[in-house]
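Residue numbers (the numbering used here), protein chains in the order written: chain A, 12 to 437; chain B, 37 to 127. All C-beta atoms, glycine included, are put in the ideal place defined by N, C-alpha and C. Data block below; observations after.
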């Protein structure tokens with residue numbers, strides 16, 4: 012098969028740690044490790060399979076302060092921590108008492124993934140994709156992106172000293188355009204939506220056999236990187252699983268993999284197995300999974316996105332059906348919030364916790380609020396929400412909603428005249 | 037005049053490695069039928085046992101995702117280009 016061409020350049024089967032093969036999530040067909048991403052029988056997505064060794068908490072705790080502390084649970088070479096990567100992960104888990112008080116919750120945590128090297132969770136998945144792609148003989152790191160992934164791929168390729176090809180919709184936030192272009196790889200802006208860019212990438216992946224499109228032809232490996240969000244949440248809670256988790260949905264892979272991470276930790280005996288509920292968050296302007304959940308559908312009808320939450324603006328989400336499976340299995344829900352609610356929630360998070368999240372963070376906080384108000388989320392149960400990116404990348408979204416007062420003269424009189432020393436002045 | 041069909045990498049075993057083939061115009065269902073006659077087995081990769089488009093297959097007629105059009109009843113006029121793309125990408 013031509014799909015094996017890149018892999019055939021490697022001298023032998025790729026050395027990807029404890030990963031043993033790939034299996035189709037739809038029909039169960041199995042394939043050897045290699046640059047395969049869709050089932051040859053049914054087009055279903057492929058999932059990495061492992062033979063995990065016995066692993067202790069101490070083994071993990073003695074590892075590096077990055078996702079590589081979980082390397083035995085990822086499809087990466089055993090020496091990955093000594094290779095040039097951006098060393099993402101091990102971001103802070105913030106106890107959010109201020110936001111919890113505002114929302115009437117007992118215990119709330121924020122997994123703040125804006126602390127990654129390029130300020131979003133995408134550094135996790137790209138680091139795993141790069142490691143696997145290198146092992147499989149690919150020469151170029153590429154992606155279609157809504158912006159955060161573009162940053163992560165351009166930076167990771169620069170660090171590793173390989174070429175990057177990054178493609179984004181031309182109407183992205185200027186911040187995300189500049190923070191991609193600065194790394195100097197091949198940068199393509201496309202006149203179209205993310206779904207258009209994604210389609211182009213899928214076609215290019217068939218033409219360039221040594222290009223690893225991280226979220227296309229090496230997607231099974233890439234997506235595994237999001238398990239580390241689940242691993243870190245559990246470890247940082249003191250090796251416990253939370254009762255509820257609220258996760259933003261773009262393709263849906265992050266949500267599905269956090270659930271997989273919890274499942275693997277419980278299976279390995281690293282945490283006590285207990286029920287958890289997974290909730291998904293979308294913007295109303297791009298809510299195909301939320302609509303499918305509300306209507307009881309098993310399939311996700313594609314939509315044309317129109318929302319300020321551009322990092323979540325995927326109208327045809329690849330993991331949508333699996334999100335529905337996870338949410339229904341765990342007793343969670345999927346909800347969506349309007350652009351106005353997103354902006355208001357960004358400000359709420361900033362005001363109560365001192366965390367400036369990007370629009371996806373606003374979506375997550377907004378959906379948290381909405382689910383609480385609807386009685387779907389238990390305010391007394393321990394809850395973790397994901398802030399997947401940094402507000403500095405989506406300044407346009409908040410600019411109209413944040414007031415910056417006029418400048419004053421540098422005198423006491425001017426300060427007092429403007430009312431800044433009065434009680435209750437914001 | 038015929039229609040052209042872009043074949044994704046994982047289906048090129050059916051077309052002898054050829055990335056683009058031609059078929060007769062008609063509805064998308066009819067075009068897939070023509071394809072299967074020329075490249076036996078390829079239809080079963082695109083459609084499930086009950087004849088519906090598999091859920092992880094995206095088909096575009098020119099720029100249009102057929103799920104936004106009439107699905108398998110979407111007309112494919114002479115000169116149109118069909119792209120078949122695995123729906124497991126992105127995000």
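With respect to the alpha helix (DSSP H) encompassing residue i, which residues constitute its N-terminal and C-terminal limits?
i              : result
residue 206(A) : 205-218
residue 278(A) : 264-278
residue 358(A) : 350-364
residue 66(B)  : 64-74
residue 315(A) : Residue 315(A) -> no alpha helix (DSSP H), and no H or E assigned at all.
residue 69(A)  : 68-72
residue 191(A) : 185-192
residue 252(A) : Unbroken run through residue 252(A): none, as it is neither H nor E.
residue 409(A) : 406-409
In whole angstroms, what is the alpha-carbon distance linking residue i and residue j?
i              : j              : result
residue 272(A) : residue 238(A) : 5 Å
residue 168(A) : residue 95(A)  : 10 Å
residue 353(A) : residue 73(B)  : 52 Å
residue 426(A) : residue 251(A) : 50 Å
residue 36(A)  : residue 183(A) : 33 Å
residue 16(A)  : residue 145(A) : Its pLDDT being 44, under 50, residue 16(A) is placed unreliably in this model, and the value from its coordinates should be taken loosely. So the two alpha carbons sit approximately 14 Å from each other.
residue 181(A) : residue 202(A) : 6 Å
residue 209(A) : residue 235(A) : 20 Å
residue 338(A) : residue 275(A) : 17 Å
residue 52(B)  : residue 120(A) : 55 Å
residue 118(A) : residue 88(A)  : 38 Å
residue 76(A)  : residue 396(A) : 21 Å
residue 257(A) : residue 292(A) : 7 Å
residue 41(A)  : residue 34(A)  : 4 Å
residue 101(B) : residue 164(A) : 28 Å
residue 107(A) : residue 359(A) : 12 Å
residue 135(A) : residue 128(A) : 10 Å
residue 69(A)  : residue 243(A) : 14 Å
residue 110(B) : residue 56(B)  : 20 Å
residue 249(A) : residue 284(A) : 14 Å
residue 112(A) : residue 381(A) : 16 Å
residue 102(A) : residue 413(A) : 28 Å
residue 190(A) : residue 319(A) : 18 Å
Please classify residue i: does DSSP put it in a helix, a strand, or coil?
i              : result
residue 427(A) : helix
residue 397(A) : strand
residue 304(A) : helix
residue 153(A) : strand
residue 438(A) : Look at the range of chain A in this structure, 12 to 437, and you will see that residue 438(A) is not part of it.
residue 432(A) : coil
residue 89(B)  : strand
residue 83(A)  : helix
residue 61(A)  : strand
residue 243(A) : helix
residue 122(A) : strand
residue 232(A) : helix
residue 28(A)  : coil
residue 106(A) : strand
residue 333(A) : helix
residue 282(A) : coil
residue 346(A) : strand
residue 101(B) : strand
residue 83(B)  : strand
residue 51(B)  : coil
Considering only DSSP beta bridges, list what residue i is partnered with.
i              : result
residue 33(A)  : 42(A) and 59(A)
residue 222(A) : 151(A)
residue 178(A) : 155(A) and 199(A)
residue 290(A) : 257(A)
residue 112(B) : 62(B)
residue 49(A)  : 56(A)
residue 162(A) : DSSP output for residue 162(A) lists no bridge partner at all.
residue 311(A) : For residue 311(A), which the question treats as bridged, DSSP gives no partner whatsoever.
residue 95(B)  : 120(B)
The beta strand (DSSP E) with residue i in it runs from where to where?
i              : result
residue 117(B) : 117-122
residue 415(A) : Unbroken run through residue 415(A): none, as it is neither H nor E.
residue 59(B)  : 56-59
residue 139(A) : Looking at the DSSP string, residue 139(A) is not in any beta strand (DSSP E); the run it does join, the alpha helix (DSSP H), is 133-146.
residue 378(A) : Residue 378(A) -> not in any beta strand (DSSP E); alpha helix (DSSP H) instead, spanning 370-384.
residue 42(B)  : 39-42
Relative to chain A, which residues along the region 44-77 of chain B have a C-beta separation below 9 Å, given in chain order? 44, 45, 46, 47, 48, 49, 53 and 55
Select from the region 319-337 of chain A all residues with a C-beta closer than 8 Å to any C-beta belonging to chain B, and list them in chain order. 325, 327, 328, 329, 330 and 332
Residues of the region 44-62 of chain A whose Cβ lies closer than 7 Å to any Cβ of chain B, in chain order: 48, 49, 51, 53, 54, 55 and 56
Scan the region 139-157 of chain A for residues whose Cβ lies nearer than 8 Å to a Cβ of chain B and list them as they occur along the chain. 155
Name the residues in the region 104-121 of chain B whose C-beta lies less than 8 Å from a C-beta of chain A; which are they? 104, 119 and 121
So if I threshold CB-CB distances at 9 Å, which residues from the region 102-134 of chain A count as touching chain B? none
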